[in-house]
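Residue numbering for the sequence shown follows our numbering, starting at 8 and increasing by one per position. Idealized CB from N, CA, C, for every residue including glycine. Only a predicted model underlies this, so the values are computations on that prediction, with no experimental measurement involved. To start, the structure itself, in structure tokens.
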Amino acid sequence: MSLARLASVVSALAALGLASPAGPGWPPHGHYPPPPPPPPPPPLTPATATSSASLAPASSAPASCSGYFEPLSPPFLNDLAQAAGKLWFGSATDQPGTGEDTSILYQEILNNTHIFGQITPANMMKFELSEPEPGVFNFTGGDIDVAIARDHGKYLRCHNLVWVSQVSDWVLNGNWTEDSLIAVMQNHIQTMITHFGDACYSWDVVNEAVAANGSFSSSIWFDVIGPEYFFLAFQFAQEAVDSLPAGIRKPKLYYNDFGIESGNKSVAVLGLIQELQSRNIRIDGVGLESHFVLGETPSLQDQIATKQAYIAAGVEVAITELDIRFPQANLTNATAFALQAEEYYNSTASCVQVGGCVGITVWDFDDQYSWIPSSFPGQGLADLYNADFRVSNHP
8 MSLARLASVV SALAALGLAS PAGPGWPPHG HYPPPPPPPP PPPLTPATAT SSASLAPASS
68 APASCSGYFE PLSPPFLNDL AQAAGKLWFG SATDQPGTGE DTSILYQEIL NNTHIFGQIT
128 PANMMKFELS EPEPGVFNFT GGDIDVAIAR DHGKYLRCHN LVWVSQVSDW VLNGNWTEDS
188 LIAVMQNHIQ TMITHFGDAC YSWDVVNEAV AANGSFSSSI WFDVIGPEYF FLAFQFAQEA
248 VDSLPAGIRK PKLYYNDFGI ESGNKSVAVL GLIQELQSRN IRIDGVGLES HFVLGETPSL
308 QDQIATKQAY IAAGVEVAIT ELDIRFPQAN LTNATAFALQ AEEYYNSTAS CVQVGGCVGI
368 TVWDFDDQYS WIPSSFPGQG LADLYNADFR VSNHP
């Protein structure tokens, strides 16, 4: 576990000085009572660790942080988040079909609800995997993620329905009219929401629709349908949620994006919220992805102000995909790690200090399975845990 990163997040979560992890009442999902959180696990031993996960000796860390050496020892992130009034501290997970499935230590950490009280499927609910052929749905991966959340008493954020990327080839290569593509979008949204029902705390209905200048990004949806696709997506999602059986908790509907902490994008998102509301179309929340680059993370004050602006517009907010990457992973030093810790603190504290921010999710928790190196070659070291789940020896 990265000592500086974890310690900064723990400090931010504990800033309110609350003594016990009372958290919100169970259950997080309306359709099943989750099991009680597991008792705090015993210290990790070599028998329970993967061969690559041996722990650094305690003498390699400052004495004041000696409690952070065991990946499965207190302080626990989700317990602290719930004690601070949040619903969760969570993580994305990319299961099934990846190394995460077979890493014993990854599974122990992810499944421990004291550490992570929520999961987001990183890929399994996206269009290309959930509807690989026209009208042919594959729910297998998503159902496995539902089972992980159910079996370990976690909230589940369902991600995502309409996005520019990871769309099936048959959609990208189709010869569409506006009406025919609208029908595809409507069927996909309504089928997904109906299938997963109340397993989802929320759905990211539209993901990353806004460009840096505040205009709509080019996508198959925008290029064929035009700006109206955004509003239709939320309308179809609302209709699907309203059609779910009475008496169950209905999932919330979110817009999710990166870089919406300030500037043209945040202004545009506020405008989209207001337009949806003027049409009486439901939007419940905004997900601030919070993929940051070291040295470019917004200040604590800016992050708080932006979250408060969205809340003032009538929606809740969540940090949904937090990581803070080194722009050059091989150029690290004590000063850089200290800055990363400070930026993790500011991002976490910005949610802790805003009542309408419901929770914090990191975009997977360990560098081994981070999306950063494959998407940004040469960059990395973005997550709370190192690639081998060890405490790093850096300051």
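Self-check item: serine 110 versus cysteine 165 - alpha carbon distance
Solution: For serine 110 and cysteine 165, the distance between alpha carbons rounds to 23 Å.
Quiz item: Who are the near neighbours of isoleucine 326 in its chain, counting only those whose CB is closer than 6 Å to its CB and skipping five residues on each side?
Solution: Excluding sequence neighbours, isoleucine 326 sits near Leu295, Ser297, Cys358 and Ile367.
Practice problem: Mark leucine 338 as exposed unless 16 or more other C-beta atoms lie within 10 angstroms of its C-beta, in which case mark it buried. | Solution: Residue burial annotation: leucine 338 is exposed, with fewer than 16 other C-beta atoms found within 10 angstroms of its C-beta.
Quiz item: Does the segment 158-178 touch the segment 109-127, meaning 3 or more C-beta pairs lie closer than 8 Å?
Solution: With three or more CB-CB distances shorter than 8 Å, the segment 109-127 counts as touching the segment 158-178.
Self-check item: Selection from Ala91, Glu185 and Ser226 that minimises the alpha carbon distance to glycine 362
Solution: Of the listed residues, the one whose Cα sits closest to glycine 362 is Ala91.
Quiz item: Closest to leucine 87 by CA distance: which of Ala14, Val143 and Ala156 is it?
Solution: When each option's Cα is compared against that of leucine 87, the closest is Ala14.
Quiz item: Does the pairing of the segment 302-315 with the segment 238-246 give three or more beta-carbon distances under 8 Å?
Solution: No: the two stretches stay apart, fewer than three of their Cβ pairs being nearer than 8 Å.
Practice problem: Would you mind listing the alpha helix (DSSP H) stretches within the segment 115-190 that are 4+ residues and don't spill past its ends, in chain order? | Solution: Runs of the alpha helix (DSSP H) inside the segment 115-190: 134-137, 147-158 and 176-179.
Quiz item: Hey, isoleucine 322 and glycine 292: beta-carbon distance below 8 Å or not?
Solution: For clarity, residue 322 is valine in the given sequence; the question names isoleucine instead. At a Cβ-Cβ threshold of 8 Å, valine 322 and glycine 292 count as neighbours.
Self-check item: Three-way DSSP call (helix, strand, coil) for valine 3 in this model
Solution: Outside the shown range of the chain (8 to 402) lies residue 3, about which nothing can therefore be said.
Practice problem: Output yes or no for whether 8 Å exceeds the beta carbon distance between glycine 98 and leucine 112. | Solution: Note on residue identity: the sequence assigns serine, not glycine, to residue 98. Here serine 98 is not near leucine 112, since their CB atoms are 8 Å or more apart.
Quiz item: Would a C-beta distance cut-off of 8 Å place leucine 168 and methionine 199 closer than the cut-off?
Solution: Between leucine 168 and methionine 199, the C-beta spacing is below 8 Å.
Practice problem: Report the three-state DSSP secondary structure of glutamate 349 (helix, strand or coil). | Solution: Of the three classes helix, strand and coil, the one that applies to glutamate 349 here is helix, per DSSP.
Exercise. Within 10 angstroms of the Cβ of glutamine 335, are there 16 or more other Cβ atoms? Answer buried if so, exposed if not.
Key: Exposed, because fewer than 16 other Cβ atoms sit within 10 Å of the Cβ of glutamine 335.
Quiz item: What residue ranges within the segment 231-282 form continuous alpha helix (DSSP H) runs of no fewer than 4 residues, ordered along the chain?
Solution: Segments of the alpha helix (DSSP H) lying fully in the segment 231-282: 235-249.
Quiz item: Since serine 381 is in the alpha helix (DSSP H), which residue starts that stretch and which ends it?
Solution: Taken as a continuous stretch (DSSP letters only), the alpha helix (DSSP H) holding serine 381 covers 379-382.
Exercise. Name the two residues that bound the continuous alpha helix (DSSP H) containing leucine 307.
Key: Residues 307-319.
Quiz prompt | Close Cβ partners of isoleucine 311 (< 7 Å) along its chain, the five nearest in sequence each way excluded | solution = The answer, listed in chain order, is Ser357, Gln360 and Val361.
Quiz item: Who does glutamate 323 pair with in a DSSP beta bridge?
Solution: Answer by DSSP bridge pairing, in chain order: Gly292.
Quiz prompt | Identified DSSP bridge partners for valine 217 | solution = Bridge partners of valine 217: Phe223.
Quiz item: When the Cα atoms are used, what is the spatial distance from proline 81 to leucine 260?
Solution: Distance between proline 81 and leucine 260, taken at the CA atoms: about 34 Å.
Quiz item: aspartate 395 by DSSP, collapsed to three states: which one?
Solution: Aspartate 395: coil per DSSP, three-state reduction.
Practice problem: Can you tell me which of the three DSSP states threonine 198 falls into? | Solution: Look at threonine 198 here: in three-state DSSP terms it is helix.
Quiz item: Mind checking whether valine 217 and valine 153 have CB atoms under 8 Å apart?
Solution: Cβ distance not < 8 Å, so valine 217 and valine 153 don't count as in contact.
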